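Taking this note's numbering, I'd label the letters of the sequence shown as residues 2 to 396.
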Amino acid sequence: MSKQIPEMLDSFSQLVAAPSVSSTDPLLDQSNRDVVELLAGWLEGIGFKVELLPINSASGTTGAVAPEKFNLIACLGEGEGGLVLSGHTDTVPYSADAWDQDPFKLTEKEGRIHGLGICDMKCFFPIVLEVARQFNASELKQPLYVLATADEESTMSGARALAACGKILGRHALIGEPTGLIPVYMHKGILMESIKIKGQAGHSSNPALGNSALEGMHTVIGAIMVWREELQKQFRDTRFAVPEPTINFGTIRGGDNPNRICAECELTIDLRLMPEMKLEEIRTDLRTLVSDAIAGSGLSAEYNSVFDGVPGFETDTNSEVIQIAERLCGRESGTVAFGTEGPYLNAMGMDTVVLGPGDIDQAHQANEYLSLERIPPMLDILTKMIGHFCVQSAD
Ligand SMILES: [Zn+2]
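1) Would you grab the beta carbon distance between Arg273 and Ile191 for me? Rounded to a whole angstrom, and I think it's under 8 angstroms.
2) Rounded to whole angstroms, what's the CA-CA distance from Lys199 to Asn258? Just pull it up for me.
3) Would you say Glu79 touches ligand 1, meaning its beta carbon is less than 6 angstroms from a heavy atom?
4) Between Asn72 and Leu54, is the Cβ-Cβ spacing less than 7 angstroms?
5) With respect to the beta strand (DSSP E) encompassing Ile283, which residues constitute its N-terminal and C-terminal limits?
6) To the nearest angstrom, how far is the alpha carbon of Ser213 from that of Asn260?
7) Helix, strand or coil for Lys142, going by three-state DSSP, please let me know.
8) In chain order, what residues of the same chain have a beta carbon less than 6 angstroms from the beta carbon of Ile382, not counting five sequence neighbours either side?
9) Threshold first: 4 residues or longer. Then list the alpha helix (DSSP H) segments lying entirely within the segment 81-109, N to C.
10) Around the C-beta of Phe308, are 16 or more other C-beta atoms found within 10 angstroms, so that it is buried, or is it exposed?
11) Which residue comes first and which comes last in the alpha helix (DSSP H) that contains Val129?
12) Alpha carbons only, please: which of Gly331, Ile225, Cys124 and Asp26 is nearest the one belonging to Ile176?
13) Do you know how far the Cα of Asp98 is from the Cα of Asp11?
14) Assuming Glu79 and Val355 form a contact by the criterion Cβ under 8 angstroms, report the distance between their Cβ atoms to the nearest whole angstrom.
15) Are there any heavy atoms of ligand 1 lying less than 6 angstroms away from the beta-carbon of Asp152, as far as the coordinates show?
16) What does the Cβ neighbour count give for Glu369, buried or exposed, with the cut at 16 atoms within 10 Å?
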């Protein structure tokens with residue numbers, strides 16, 4: 002399967018042309034097979050040992066056959082420790098009508114290349130390949146890994162499967178998510194939860210004929226707002242632009258007519274949590290709080306998670322990978338407002354920096370692009386990272 006790596010622009014084109022949308026909507030969800038197979042061929046062509054690991058799909062309840070998903074692990078050199086260069090292979094869904102050109106056809110215009118997923122984050126892999134081809138396995142004192150994951154944009158099933166399989170990869174990691182060439186050491190965790198309150202319908206003229214789920218939800222929202230204030234006092238961290246955990250009341254749906262007592266009301270909320278806040282504990286606290294708020298009212302509650310959630314992420318700013326990244330970028334590391342696979346890599350025993358050439362402002366957008374001027378500095382950063390962690394045997 003090994004293949005010559007094409008010129009970088011040609012590799013960008015081939016990756017963009019290989020659809021790999023991931024979505025929790027089964028109608029939109031696609032396999033990432035074409036992307037990992039392209040990468041596998043190119044990586045083998047420059048001496049990497051490549052493994053494709055199928056991921057057992059969690060879906061299947063609908064009866065439909067879920068698309069195949071794979072993680073790719075490639076390794077150059079041998080031994081323990083070393084550096085992992087990691088990215089996700091999937092893209093978000095797209096609206097073709099909103100694009101000025103075919104989202105799957107890489108288009109160069111005014112110093113930018115446009116294409117679905119080019120910035121977030123298919124561009125990372127050809128840049129990695131361009132750097133990695135300069136190194137021979139024999140000169141590496143510690144191994145260099147390339148990791149390409151599935152489903153980062155939807156369920157994080159790729160990173161979860163990897164963390165669960167107990168494989169030991171490198172000691173240090175870089176994830177090339179779009180950070181505008183600024184090293185990132187921390188982000189918040191994310192939960193999205195649905196709460197459904199169930200009561201009893203009845204004629205509006207007599208409250209005794211029913212039990213209003215809508216009024217129950219009013220009590221629930223009040224209780225969540227009080228809890229939010231407590232959490233914000235307890236977990237303040239001024240290193241974040243928004244220095245406290247947040248809870249957003251995103252949607253509410255309930256009732257059908259003014260003259261009927263509302264029998265059912267559903268609320269969805271989004272929680273952004275500090276890295277030390279454990280997702281499962283917060284989820285349990287929320288559900289207990291809601292159950293307590295409606296206790297004795299005759300109403301009942303049903304709970305669902307919109308998705309499993311993304312844990313918060315924090316790498317010690319004194320760790321070697323953050324220190325080196327800060328030195329190479331000539332600036333201090335910072336925080337971002339989006340989730341990454343960083344917490345999963347850190348759980349596998351790595352110190353992870355998130356640092357990539359794209360800008361998050363262009364991600365998940367029509368006409369997504371990468372500025373070509375971002376490529377040379379990223380090549381330089383990766384060359385020096387590999388030199389430091391794999392050639393000079395930093396530990
Ligand atoms: Zn991304």
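Even glycine gets a Cβ: it sits at the ideal position worked out from N, Cα and C. No experiment lies behind these values; they were computed from the predicted model shown.
The structure says:
1) For the purposes of this step, residue 273 is taken as residue 272 along the sequence shown, with counting starting at 1. For the purposes of this step, residue 191 is taken as residue 190 along the sequence shown, with counting starting at 1. Yes, they are in contact, since the Cβ atoms of Arg273 and Ile191 sit about 6 angstroms apart, within 8 angstroms.
2) Reading the sequence shown from its first residue, position 198 is the one you call residue 199. Reading the sequence shown from its first residue, position 257 is the one you call residue 258. Distance between the alpha carbons of Lys199 and Asn258: 16 angstroms.
3) Along the sequence shown, read from residue 1 onward, the residue named residue 79 stands at position 78. No; taking the cut-off as 6 angstroms, the Cβ of Glu79 has no heavy atom of ligand 1 nearer than that.
4) Sequence index remark: in the sequence shown, residue 72 carries index 71 (1-based). Sequence index remark: in the sequence shown, residue 54 carries index 53 (1-based). Taking 7 angstroms as the Cβ cut-off, Asn72 and Leu54 qualify as a contacting pair.
5) Position 282 of the sequence shown, counted from the first residue, corresponds to residue 283. Note, Ile283: premise wrong, no beta strand (DSSP E); alpha helix (DSSP H) at Leu280 to Ala294.
6) On the sequence shown, residue 213 is found 212 positions in, with the first residue counted as 1. On the sequence shown, residue 260 is found 259 positions in, with the first residue counted as 1. Distance between the alpha carbons of Ser213 and Asn260 is about 12 angstroms.
7) Counted from its first residue, the sequence shown places residue 142 at position 141. Reduced to three states, the DSSP call for Lys142 is coil.
8) Here residue 382 corresponds to residue number 381 of the sequence shown, with the count starting at 1. Correct list, in chain order: Leu329.
9) none
10) By one-based count along the sequence shown, residue 308 stands at place 307. Exposed, because fewer than 16 other Cβ atoms sit within 10 Å of the Cβ of Phe308.
11) Translated into the one-based positions of the sequence shown, residue 129 becomes position 128. Taken as a continuous stretch (DSSP letters only), the alpha helix (DSSP H) holding Val129 covers Phe125 to Ala133.
12) For this step, residue 176 is matched to residue 175 along the sequence shown. Put simply, of Gly331, Ile225, Cys124 and Asp26 the residue whose alpha carbon is nearest the alpha carbon of Ile176 is Cys124.
13) Within the sequence shown, numbered from 1, the residue matching residue 11 stands at position 10. Within the sequence shown, numbered from 1, the residue matching residue 98 stands at position 97. Roughly 25 angstroms between the two C-alpha positions.
14) The residue labelled residue 79 in the question sits at position 78 within the sequence shown. The residue labelled residue 355 in the question sits at position 354 within the sequence shown. Wrong, their Cβ atoms sit about 27 angstroms apart, outside the cutoff.
15) Stepping through the sequence shown from its first residue, residue 152 is reached at position 151. No - ligand 1 has no heavy atom lying nearer than 6 angstroms to the Cβ of Asp152.
16) Within the sequence shown, the letter at position 368 stands for residue 369. Counting Cβ neighbours within 10 Å, Glu369 comes out buried, since at least 16 surround it.
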